[in-house]
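Residue numbers (my numbering): 35 to 156. Using N, Cα and C, we set each Cβ at its ideal position, and we do this for glycine too. Structure first, commentary second.
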C-alpha cells in the first residue's frame, strides 16, 4: 500500500476540517496527523510553515453519489471551486464529465491550507 503525505496549516484548523467537515477519523501521530480514509488507507498530514499549495488535485475521495456527497459537504461548510478555464462546473460545483464525454463527474474544493481535494463519482 502506498503512503501519502500532505502538508497542512496549524493542526487545530486542519484537524477540525478533516474531522468535522470531511467526517474522517483523525489521529495525532507523532509530528503529524493520521487521516484515515473511507474504505481503508491513511494519509499522513504534517505541518510546514512555508507551505505552498499544489496547483493540482492532491487527494480524491471516491463516492457513489456525487450529488449527495456535494450536498452533505456543502452543509458542513465546504465551498466548491468554480474554475474559469476549461469545462464549466454546474451551480453546485460539479463538473459533469460523464455527460460531456470528459471522464468522471468530479467536484473540487480546498482544505484550509489551500490544498486541492475532490469528490469523484465511481
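Beta-bridge partners of residue i, as assigned by DSSP
i           : result
residue 141 : 128 and 153
residue 80  : 41
residue 51  : BP columns for residue 51 are empty, so no partner.
residue 62  : 67
residue 96  : 154
residue 91  : 150
Span separating the alpha-carbon of residue i from that of residue j
i           : j           : result
residue 105 : residue 112 : 9 angstroms
residue 45  : residue 132 : 37 angstroms
residue 124 : residue 130 : 8 angstroms
residue 41  : residue 118 : 26 angstroms
residue 55  : residue 39  : 20 angstroms
residue 95  : residue 110 : 16 angstroms
residue 85  : residue 47  : 15 angstroms
Test item: CB-CB of residue i and residue j under 8 angstroms
i           : j           : result
residue 71  : residue 60  : no
residue 155 : residue 100 : yes
residue 145 : residue 128 : no
Extent of the continuous alpha helix (DSSP H) run through residue i
i           : result
residue 101 : 100-109
Endpoints, beta strand (DSSP E) assigned at residue i
i           : result
residue 113 : Counting along the chain, residue 113 falls outside any beta strand (DSSP E), and DSSP gives it neither H nor E.
Proximity winner among the options, relative to residue i (alpha-carbon distances)
i           : options          : result
residue 74  : 88, 84 and 58    : 58
residue 49  : 38, 39 and 62    : 62
residue 150 : 102, 87 and 126  : 87
residue 143 : 65, 103 and 80   : 103
residue 126 : 147, 116 and 135 : 116
residue 53  : 64, 79 and 65    : 79
residue 77  : 67, 122 and 97   : 67
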